[in-house]
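Down below is the structure, laid out as structure tokens.
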Amino acid sequence: MGYTDEDVRSCRAFKSQVAFDTFDNKYATDFALTLRFKHKDYNYNRLSRTILCAADDNKHSETALEWLFDELAEDGDEIICLRVIDPSARISSVDSSLEEKQYRDEANRFLKHIMMKNSNSKKVSSSPEIRAKNSGPMGA
Numbered sequence: 001m002g003y004t005d006e007d008v009r010s011c012r013a014f015k016s017q018v019a020f021d022t023f024d025n026k027y028a029t030d031f032a033l034t035l036r037f038k039h040k041d042y043n044y045n046r047l048s049r050t051i052l053c054a055a056d057d058n059k060h061s062e063t064a065l066e067w068l069f070d071e072l073a074e075d076g077d078e079i080i081c082l083r084v085i086d087p088s089a090r091i092s093s094v095d096s097s098l099e100e101k102q103y104r105d106e107a108n109r110f111l112k113h114i115m116m117k118n119s120n121s122k123k124v125s126s127s128p129e130i131r132a133k134n135s136g137p138m139g140a
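Counting in the UniProt record's numbering, the sequence shown runs from 1 upward without gaps.
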């Protein structure tokens with residue numbers, strides 16, 4: 001998906017950071033990477049809400065994200081967008097460093113995609129989270 005210069009300019013109003021990362025934890029049963037971006041004027045207050053939206057690559061998720069930002073989200077809200085990936089179905093590699101890079105790249109694409117959905121530049125905090133669900137007793 002290509003972005004216009006206007007899209008890029010609107011992203012400059014946001015600051016991004018890594019909020020949670022279990023890739024370096026060899027004891028983790030699930031791998032998770034949570035990125036966070038906040039509008040530079042974001043301000044959490046007692047009326048702020050936390051909204052969770054599950055998202056994948058289908059049209060229904062696209063519509064849900066657009067509706068969330070256009071109709072539901074208000075300044076001061078925190079939005080968590082969750083994408084769960086089955087490692088055997090999407091990204092798998094015998095080289096764990098390559099696999100980790102692929103997950104990080106996917107998380108960054110997901111972050112940019114969500115930032116573009118906030119077309120009205122609402123003053124929100126958003127946390128796109130990528131989870132790689134491992135199979136097994138703890139990850140089942």
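Backbone N, C-alpha and C fix where the C-beta goes; we use that ideal spot for every residue, glycine too.
Based on the DSSP output, what are the partners of ILE79 in its beta bridges?
-> In DSSP, ILE79 forms a bridge with ILE51, SER126.
Are there three or more Cβ pairs, one per stretch, closer than 8 angstroms when the stretch 103-111 is compared with the stretch 60-79?
-> Cβ pair count under 8 angstroms is below three, so no.
On the premise that ARG36 lies in contact with SER125, defined as a C-beta separation below 8 angstroms, what is that separation, rounded to the nearest angstrom?
-> SER125 to ARG36, Cβ: 7 angstroms. Contact.
As assigned by DSSP and simplified to three states, the class of residue 151 = Coverage of the chain is limited to positions 1 through 140, which leaves residue 151 absent and any answer about it impossible.
What residue range is occupied by the uninterrupted alpha helix (DSSP H) comprising residue 141?
-> Outside the modelled stretch of the chain, which goes from 1 to 140, sits residue 141, for which no answer is possible.
Buried or exposed (CB count within 10 angstroms, at least 16 for buried), ARG83 = ARG83 is buried by the Cβ-count criterion.
Helix or strand or just coil, what does DSSP make of residue 191?
-> With the chain covering only 1 through 140, there is no way to say anything about residue 191.
TYR44, buried or exposed, once every other Cβ within 10 Å from all chains shown has been counted against 16 = Under this definition TYR44 is an exposed residue.
When you compare only the Cα positions, how much space is there between ARG104 and ILE85?
-> Rounded to the nearest whole angstrom, the CA to CA distance from ARG104 to ILE85 is 12 angstroms.
Going along the chain, which residues of its own chain have a beta-carbon closer than 6 angstroms to the beta-carbon of ASP41, five neighbours each way excluded?
-> Answer for ASP41: LYS123, listed in chain order.
Does LYS59 get closer than 9 angstroms to chain D when you measure Cβ to Cβ?
-> In the displayed structure, chain D is absent; only one protein chain is listed.
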